[in-house]
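Before any comments, here is the structure.
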Amino acid sequence: MLAKRLIPCLDVRDGKVVKGVQFRNHEIIGDIVPLAQRYAEAGADELVFYDITASSDGRVVDKSWVQRIAEVIDIPFCVAGGIKTVADAGKILEMGADKISVNSPALARPELINELNHHFGQQCVVVGIDSFFDVTSGQYQVYQFTGDESRTQKTQWLTRDWVAEVLKRGAGEIVLNCMNQDGVRQGYDIAQLKSIRDICTVPLIASGGAGTMQHFTDVFNQADVDGALAASVFHKGIIEIAALKAKLIADGISIRP
Amino acid sequence: MQLVIVDTGCANISSVYFAFKRLGVKASISSDARVIKAADKVLLPGVGTAHNAMARLQQAELINTLQSLQQPMLGICLGMQLLTRHSMEGDVACLNLIPGEVLPMQSGELRLPHMGWNTLKNINNHPLMQGFTETDYVYFVHSFAVAPDSYSLAQCHYGNDFAAVIGKDNVAGAQFHPERSGKTGARLLQNFLEWQL
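Chains as they are written, first to last, in our numbering: chain E, 83 to 339; chain C, 181 to 377.
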């Protein structure tokens, strides 16, 4: 039976892993390659490396580390951040990444999704979506350039509409980052994930809000996501992957031991 | 031992190269027919579409070379699919080394691509499958598959059963990605290195 995936996300800046609370006050967590190796050995099902500054700075993700990671780990990994063209994506995939994830550049130029699908196949194309619940409008809206607080801006897209659009254009997987929950460890945004699950015909990965092991059980049981992404709970050792997997298996969830 | 990875121009070549390097084998990456023919073992990688991959093999004039190899050859993912007779992904003729056809997966209500770690079943006693059990998980990413038949060395279930590993004579292929399937995947690659015809 297909297993639900546990996906540590390593936010990268200048070859270091960082993770802040609600994208602010970044702190360096460690060197990227040994961390990647540690997670692969600890039982992570997949890894995501996200250059949080790339899109905002207008520069392409520094890629030298992609190959160093590909050399040492034997689980799939995805690289995100500042991938604006087929050529950008091609270099990263050639260095050994299994998937590439696009976010702000796809909002700026949605055809990018079609192009990536055409050149590399649907299975390589992940679309990351930063979704924020606007209390005044009562709507989930898509945000752009979330890697840099001063440039973060609301887009014209309601989250549901953007999900439908990226599916139409050939996305192979969606990572839905629920910004209200990000970094605060109060649990995944089950209501939003459920509503997106209903319209999402490709794998859906929950992101933002993991704080306890129960949060993972809840998001798999209640929102039927294919994977759960988390950062700080793993980086800070709040949750050990082996213990989390044991609990999820005990809770009846399909997990690779 | 001389292991050659066929340079299909596909994206997972370096992942496959590094996976063998972790097993202590330094592979050559080549699209030169002479180099491929002289190899002890040949690895056919593949990510992308069957149509593009076959076009590349055609362009490199490798179709006949691959079809006439006598030494062990292993295809991975799309590389496995290319070993069959025909792929509906782009409606393209493949290498026709193992009977079978690549069809869109019939997963019912389940999401496609079939992406993630899944278990194997009906595991054959083939040398490539030594040490594998039905509790082992391997990593899949695909939307097309080959139906189980007498050439299946292992199957997987996702909505329907499909072939996870196929083989005939000196040729075999894995639908999953052994280079990204942890220790279990490394076992398949190790078995391939040790495979004696």
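Where is the CB? At the ideal position from N, CA and C, for every residue including glycine.
What is the rounded straight-line gap between the Cα of E/E322 and the Cα of E/F316?
-> 7 Å
What do you reckon, is the C-beta of E/G293 under 8 Å from a heavy atom of the ligand NAP?
-> Within the structure as shown, the ligand NAP is missing, as the structure has no ligands at all.
By Cβ distance below 6 Å, which residues in the same chain neighbour E/W147 in space, the five residues on each side in sequence not counted?
-> G97 and I114
What is the rounded straight-line gap between the Cα of E/A305 and the Cα of E/P187?
-> Taking the straight line joining both Cα atoms gives about 28 Å.
Nearest chain E C-beta to C/P307 closer than 9 Å, yes or no?
-> no
By the 10 Å Cβ neighbour count, where 16 or more other Cβ atoms means buried, how is E/L84 classified, buried or exposed?
-> buried
Just reading off the alpha helix (DSSP H) that C/M181 is part of, what are its end residues?
-> C/M181 -> no alpha helix (DSSP H), and no H or E assigned at all.
For C/G311, which residues of its own chain have a beta-carbon under 8 Å away from its beta-carbon, when the five flanking residues on both sides are left out?
-> R367 and N371
Within the same chain, show all residues whose beta-carbon is closer than 6 Å to that of E/L198, passing over the 5 residues directly before and after it, in chain order.
-> Answer for E/L198: A171 and V207, listed in chain order.
Apart from the five residues just before and just after C/S195, which ones in its own chain have a Cβ nearer than 6 Å to its Cβ?
-> E359
Determine the closest residue to C/T229 out of E/E153, E/H201 and E/G265, with distance taken between C-alpha atoms.
-> Comparing Cα-Cα distances from C/T229 to each of E/E153, E/H201 and E/G265, the minimum goes to E/H201.
Does the beta carbon of C/M234 come closer than 9 Å to any beta carbon on chain E?
-> no
Express the C-alpha separation of C/C274 and E/K181 in angstroms, rounding to a whole number.
-> 25 Å
Own chain partners of C/Q379 with C-beta closer than 8 Å, once the 5 adjacent residues on each side are dropped | Within the shown structure, residues of chain C are numbered from 181 to 377, placing residue 379 of chain C beyond reach of any answer.
Within chain C, partners of E/A313 - CB distance below 9 Å | None at all; the shortest Cβ gap to chain C is about 20 Å.
Minimum Cβ-Cβ distance from E/P116 to chain C less than 9 Å = no
Would a C-beta distance cut-off of 9 Å place C/M260 and C/A354 closer than the cut-off?
-> The answer is yes: Cβ separation under 9 Å.
Following the continuous alpha helix (DSSP H) through C/A233, name the residue where it begins and the one where it ends.
-> Element bounds for C/A233: A230 to Q239.
Flag E/G252 as yes if its beta-carbon sits less than 9 Å from any beta-carbon of chain C, otherwise no.
-> At a cut-off of 9 Å, the C-beta of E/G252 has no neighbouring C-beta in chain C.
With 16 other Cβ atoms within 10 Å as the buried cut-off, status of E/R191 = exposed
Could you give the uninterrupted runs of the beta strand (DSSP E) lying entirely in the region 344 to 372 of chain C, keeping only those of 3 residues or more?
-> 351 to 354
Grouping DSSP H, G and I as helix and E and B as strand, with all else coil, what is C/N302?
-> coil
For C/N244, does the count of other Cβ atoms within 10 angstroms reach 16, so buried, or fall short, so exposed?
-> exposed
Name the residues in the region 300 to 334 of chain C whose C-beta lies less than 9 Å from a C-beta of chain E; which are they?
-> T315, Y317, Y319, F320, V321, H322 and S323
Three-state class that DSSP yields for E/S314 in the structure shown = helix
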